[in-house]
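For reference, the structure is listed below as structure tokens.
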Amino acid sequence: MFGLRLSKQSPSVGIEIKEHVIRFVELQSKNPLVVKQMGERLIPEGLIENGEISDFTQFKLFIEDCIDTWNLKKKKITFSVSDELVVVKKVTTPIDLHPEELRGYLYLELGESIHLPFEDPSIDYVILKETNEGRELLLVATPEQTVLAISSIFEEAKVDPIAADISPLCYDRLHYHVATDRQNETSLLVQLDVSSTTISLFEERVPVFMQCEPTSIILSHFDELSEAWKQRGSDIMNGFELVIGMIERILHFYRFTLSEGNDCKNIKLVGDHPFLTTFFDMLNEQIDLPTELDNHTIKDIGGELVPMKYQLAIGLSLKEVLA
Numbered sequence: 007m008f009g010l011r012l013s014k015q016s017p018s019v020g021i022e023i024k025e026h027v028i029r030f031v032e033l034q035s036k037n038p039l040v041v042k043q044m045g046e047r048l049i050p051e052g053l054i055e056n057g058e059i060s061d062f063t064q065f066k067l068f069i070e071d072c073i074d075t076w077n078l079k080k081k082k083i084t085f086s087v088s089d090e091l092v093v094v095k096k097v098t099t100p101i102d103l104h105p106e107e108l109r110g111y112l113y114l115e116l117g118e119s120i121h122l123p124f125e126d127p128s129i130d131y132v133i134l135k136e137t138n139e140g141r142e143l144l145l146v147a148t149p150e151q152t153v154l155a156i157s158s159i160f161e162e163a164k165v166d167p168i169a170a171d172i173s174p175l176c177y178d179r180l181h182y183h184v185a186t187d188r189q190n191e192t193s194l195l196v197q198l199d200v201s202s203t204t205i206s207l208f209e210e211r212v213p214v215f216m217q218c219e220p221t222s223i224i225l226s227h228f229d230e231l232s233e234a235w236k237q238r239g240s241d242i243m244n245g246f247e248l249v250i251g252m253i254e255r256i257l258h259f260y261r262f263t264l265s266e267g268n269d270c271k272n273i274k275l276v277g278d279h280p281f282l283t284t285f286f287d288m289l290n291e292q293i294d295l296p297t298e299l300d301n302h303t304i305k306d307i308g309g310e311l312v313p314m315k316y317q318l319a320i321g322l323s324l325k326e327v328l329a
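One point on numbering: in this note's numbering, the residue at position 152 of the sequence shown is 158, and numbering is uninterrupted.
The structure is reproduced here in structure tokens:
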């Protein structure tokens, strides 16, 4: 549906890039879903800040080393775009425009009726509904030069980047690939990671709202979780309370502004935060909505369970690139 399309082929490898870590998953098969290999490496501190690469030369060397170590050369990949760089918003276009003219119209309206916090975006969209007054679209925009620069780095590392995608769609894709409860209810996806928190609202599998906030307490430098909790436990809990407040504001905004009185039906919690289950317990206590830890049972070729932190990369590897 969304995402920068660079080829008409489907990947077997998903590469997730975050501020603190890079992870990959290569699938053995999609049906049944079996992971062939996976891995991760911490990204040197300061190399990525607020979703932007601060030193492309060092990042290129880092990526090349990862590709060599993981034996991914000549593989087709899909990679993730930093949530901090993604804008999701509803826009209305004239109803008399032909569908093939929509993309050109959106680019023409940049800086006029459509305002983005960056220049030269890569734009994708989906049609939500049509009325006599106009056609409502959901617009997804990312900085095109950043996405193309990362793609170029992967090409120089001798892999074939065929698409880029955003994390909420990766988690949704994985959920609907393996879950039995495939109801298209309005749901809130809370992605609690070590370096950021991303909250997305889905209506019938379309992310109509997305907000990303950086995490103030970085835990990736702790070797032991017990030591992290001992030194920063109270700060971690205070940060969780801020996230719950953010969730409450977004739910209120959705009910009274975005949806004209409709309610969100459930919350799905994902992410790589080491204290995710602690936050899950707090969420259940403080938010009066059905909440689930969206941790799917996925195995590798040896029959071992794949850790939850690899789910985003699996969702990337499941992406079908049709055009």
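Ideal Cβ placement from N, Cα and C applies to all residues, glycine included.
| Query | Result |
| --- | --- |
| Beta-carbon proximity of I205 to I242, cut-off 8 Å | no |
| Environment of H174 [buried if 16+ CB atoms lie within 10 Å] | Reading off the sequence shown, one finds Pro at residue 174, where the question assumed His. Classification for P174: buried. |
| Cβ-Cβ separation, K274 to T84 (assumed contact under 8 Å), whole Å | With 8 Å as the limit, T84 and K274 do not qualify as a contact, their Cβ atoms being about 21 Å apart. |
| Beta-carbon gap between S202 and D278 smaller than 8 Å | no |
| Whether I69 touches F208 by CB criterion (8 Å) | no |
| N-terminal and C-terminal residue of the beta strand (DSSP E) that K42 is part of | 40-48 |
| Reduced DSSP secondary structure (H/G/I, E/B, other) of I83 | strand |
| Buried or exposed (CB count within 10 angstroms, at least 16 for buried), L67 | exposed |
| Rounded straight-line distance, which links the Cα of D126 to that of L111 | Per the sequence presented here, residue 111 reads as Tyr, with Leu not at that position. Roughly 15 Å between the two C-alpha positions. |
| Rounded separation between T137 and I101 - CA only | 7 Å |
| Residue nearest to R179 in terms of C-alpha spacing, selected from P105, L318, D130 | L318 |
| L39 versus D130, W76, H181, I120, residue with shortest Cα-Cα distance | H181 |
| Residue ranges of each beta strand (DSSP E) within the segment 237-303, 3 or longer | 272-276, 297-299 |
| Contact under 8 Å by Cβ, C176 with S60 | no |
| Extent of the continuous beta strand (DSSP E) run through K164 | First-last for K164: undefined, no H or E at that position. |
| Which residues DSSP lists as bridging I23, in chain order | I28 |
| Proximity winner among L322, V312, P167, relative to Q43 (alpha-carbon distances) | V312 |
| P105 in three-state terms, based on DSSP | helix |
| Test item: CB-CB of K79 and K164 under 8 Å | yes |
| Cut-off 7 Å between Cβ atoms - residues of its own chain near K95, not counting five sequence neighbours on either side | L145 |
| Where R211 falls: helix, strand or coil (DSSP) | coil |
| Pick from R141, D199, D171 that is closest to E150, judged by C-alpha positions | D171 |
| Simplified DSSP state of S173, which is helix, strand or coil | helix |
| Y113, buried or exposed, once every other Cβ within 10 Å from all chains shown has been counted against 16 | exposed |
| Three-state class that DSSP yields for S158 in the structure shown | helix |
| N- and C-terminal bounds of the beta strand (DSSP E) containing S128 | 127-136 |
| Per-residue burial, K24 [other beta carbons within 10 Å of its own, 16 or more giving buried] | buried |
| Collapsed DSSP secondary structure at M314 in the structure displayed | helix |
| Length of the line joining the Cα atoms of T132 and F246 | Sequence inspection shows Val at residue 132; the Thr mentioned does not correspond to that position. Taking the straight line joining both Cα atoms gives about 33 Å. |
| Beta-carbon gap between P123 and V93 smaller than 8 Å | yes |
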